[in-house]
Amino acid sequence: MIVIALQDSSMGHRLRDDLAENGLESKLINVTGKTFLSEFYEPEVTAIITDETFPSFPREATIDIFNSLGRRLPVLVLHTPSKQSPQIGRSESHEFNDQLTVLTHERYTDILTTASLFGGIKADQGVKGRCKSIPYYNPQIPISMLRGFGGLGILTIDASSFNKVSVEYGIDVYNIMKDVFHDILFSLWGQAGCFRDSDVICRKSLTSNIYVVFMNRSRETGSLPYPGALEKIADRLSNAVHNNLWDELFAARKNRRIPSCVQSIPQVGIGFFGILNNPCIDVQEILDSGLEASKQMAVAQQKRGRERQRELMQTLIQSEELLKPYYQGVFHLQSLNEDIIKEVKEGKSIAPLKDHIYGFESLIRVNQEAVQKENNFESGVDSRYLRPDVLFSLAKYTKVSLELDQACMKHAARSAMSLPGTLMINILPRNLYYVDRLKETFRRTHNLMFEVSESEAINNLELMMKSREHLEKNNMGIAADDFGKGYSSLERIIKIKPHVIKFDRGMIQDIHMDPVKQAYVRGLVRAAKILNTTILAEGVELWEEAEVLQEMGVELIQGFLLHRPEEPEVIIEQLEEKEAISTVA
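For the sequence shown, the positions run 73 to 657 when this note's numbering is used.
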């Protein structure tokens, strides 16, 4: 029997009726008198749902009583937040001990879901059907399971790494990420290869990013599963959680719930531990030690996940087949017109642009088929998510950014031997400082232009200047990439004097409709001409954008308007088509 002792009688009646629909018996008690607390001690009472205070009873007394009751049966305390403290957490409700579950009145779904577990967990009986969301933790639930089954498997899902989302992107983005993660866990509950619907998942508290799964008894053993089974479940669940988060990150714009400012997924750790009931040891002590051990395993699993990702990156870097370069054309803008663009679109070939080629930029891609074929190791990242931005984010996270950058340069120079014009290769500033040591990685050493990203800090400007001089002496050039975002500044441009400045897509998009952008870019073009530097507009997608840039005097253009990145063999074949047509003519 669940006792409902609430001052809000309408909520009490609603809760009683909804619990009855879940097959749970409950009764309402009158809280206006001073003797109602005695009803908590009736033998048939199995759980209590109550307000944190009552007008006719001292608050200190109710706190002491609830803390005492919480040591032997489930107690759910409903809190009314103050204006200064709109949400309740353990630190804000320190009078209540960890034996109690504390929720706010307005979270009715969470209240009902959590209370629905107070009826007990039976072996092999579904639990998720009672729940509209993930319930909140109450120690009496796992304690009853431990006593009933004799042993209990625990999984701890540690998403505390989400906290840095709040620091980097703000509390609103953080709350959205938490909601998405909560929904993913709820959807995985009962899904094949994750955890069963007869298992119980709980969120530790309103403010916590820790979730705990208490495993229903093993069908094979009647208690804990066979050795190694918990670890396999934790690994499968880890892969499922991360893959679902990546799915959310790469969802179509109209379906994406994760804010666009978030570009990578924090690592979630999943630990495991099994405990046995021992009548000679306090059951709460057994549970607490199991929870702590499982949490420590989650931390270890996070480190292991990072190590697996590092191994993945090392494999990609060392392999000759898993990374492959694509190339996007860079063209002389001033000689182009709309008719040429239409011919390119209709023919789906860059052949009409052959006489306007300045060069090609190398853009690395992951060979998805090869990775899937060779991916026998568990990296924690599905190969279909290994886009260039994710690839370099993982490289930074696993501290192999320089090595990945060098591998990309090697592939770029090796595969571009037959491409005409200047080969533009991205390079990190820290690699450019020592570009003379990397010469052996290049098969192509002529007509090279190194693009230094403006999105990364240049910490040694003097060394960068020396690198520029070295490149010039060896008939190579330097380009300032992504100008208009990150660390870009006119002062940096003036000091380095790059041979090419690449305007970022953000400066170009819809420029034909934006007078402010036009004025800004026009001034930069004038300044570039004084510096004797060439301007390249990248990310151009509309002829209207190109036309405005052409009128401003921008020399070079790159973007989907003219050419999407392609493999070098495809580009050569298209250019040879142009040769064949000219020969026939």
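Ideal Cβ placement from N, Cα and C applies to all residues, glycine included.
In whole angstroms, what separates the C-alpha of residue i from that of residue j?
i	j	result
T152	N281	22 Å
G84	L78	6 Å
R502	D271	50 Å
S188	R376	36 Å
Q400	S277	51 Å
L535	R179	59 Å
A410	E638	The sequence shown places Glu at residue 410, rather than the Ala named in the question. C-alpha separation (whole angstroms): 22 Å.
S259	V245	21 Å
K538	P640	32 Å
E114	V75	10 Å
G362	L533	54 Å
I160	G294	With a pLDDT of 47 at I160, under the threshold of 50, the predicted position of this residue should be treated as unreliable, though the coordinate-derived value follows. Looking at the two C-alpha atoms, the distance is approximately 39 Å.
N327	V252	12 Å
P146	S525	58 Å
I629	E619	11 Å
Q263	G341	19 Å
Q622	E418	22 Å
R275	L634	52 Å
I643	F522	21 Å
N94	T185	10 Å
V237	Y430	42 Å
L227	V285	5 Å
Q590	H584	7 Å
I206	I183	10 Å
G201	E415	60 Å
M73	N102	16 Å
F190	T118	8 Å
C480	I436	6 Å
D354	D360	10 Å
G192	K396	56 Å
Leaving out the 5 sequence neighbours to the left and right, which residues in its chain are closer than 7 Å to residue i when beta-carbon positions are compared?
i	result
A423	Q646, L647, E649 and K650
S165	With a pLDDT of only 47 at S165, under 50, the local geometry of the prediction cannot be trusted, and no value is derived from it.
R86	none
T181	K204 and S205
Q335	D461 and S465
Starting from the C-beta of residue i, find all residues in its chain whose C-beta is less than 6 Å away, skip the five residues before and the five after it, and write them out in chain order.
i	result
Q356	none
F514	A485
G142	Q171 and L172
S233	P338 and Q339
L218	L224 and N349
L520	L495 and M548
E167	I135
E116	M73
Within a Cβ cutoff of 8 Å, which residues of the same chain sit near residue i, ignoring the five residues on either side of it in sequence?
i	result
I248	R329, I330 and P331
L476	M385, L388, I389, L463, F464 and A467
H428	F403, H404, S407, L408 and I412
A92	S98
A133	none
R636	Q400
Using the rule of at least 16 other Cβ atoms within 10 Å of the residue's Cβ for burial, across every protein chain shown, is residue i buried or exposed?
i	result
I602	exposed
G300	exposed
F632	exposed
D554	buried
Y298	exposed
Y506	exposed
N604	exposed
E433	buried
K545	exposed
V311	Looking at the sequence provided, one finds Asn at residue 311 rather than Val. With 16 or more Cβ atoms within 10 Å of its Cβ, N311 is classed as buried.
H518	exposed
G578	exposed
R144	exposed
R540	buried
L474	exposed
V656	Low confidence applies to V656: its pLDDT is 41, below 50, so where it sits in the model is not reliable, and the reading given next is rough at best. Per the 10 Å Cβ criterion, exposed.
Q197	exposed
V239	exposed
E627	buried
For a cutoff of 8 Å on Cβ pairs, would you count residue i as touching chain C?
i	result
L296	Checking the listed chains, one finds no chain C in this structure; it contains a single protein chain.
Is there contact here, the region 312-322 with the region 210-222, by at least three beta-carbon pairs under 8 Å? no
Touch check for the region 452-468 and the region 429-444: three-plus C-beta pairs under 8 Å? yes
Please specify which runs of the beta strand (DSSP E), each continuous and at least 3 residues long, are wholly inside the region 546-618, giving them in chain order. 549-555, 572-575 and 606-609
Give a yes or no on contact between the region 361-378 and the region 339-346, applying the rule of three or more CB pairs nearer than 8 Å. yes
What are the complete alpha helix (DSSP H) segments, minimum 4 residues, inside the region 120-145? 131-141
Please list the segments of the alpha helix (DSSP H) lying wholly inside the region 218-296, counting only runs of 4 or more residues, in order along the chain. 235-241 and 243-260
Report yes or no: do three or more beta-carbon pairs, one from the region 220-233 and one from the region 94-111, lie closer than 8 Å? no
Alpha helix (DSSP H) runs contained entirely in the region 339-395, provided each spans 4 or more residues: 355-390
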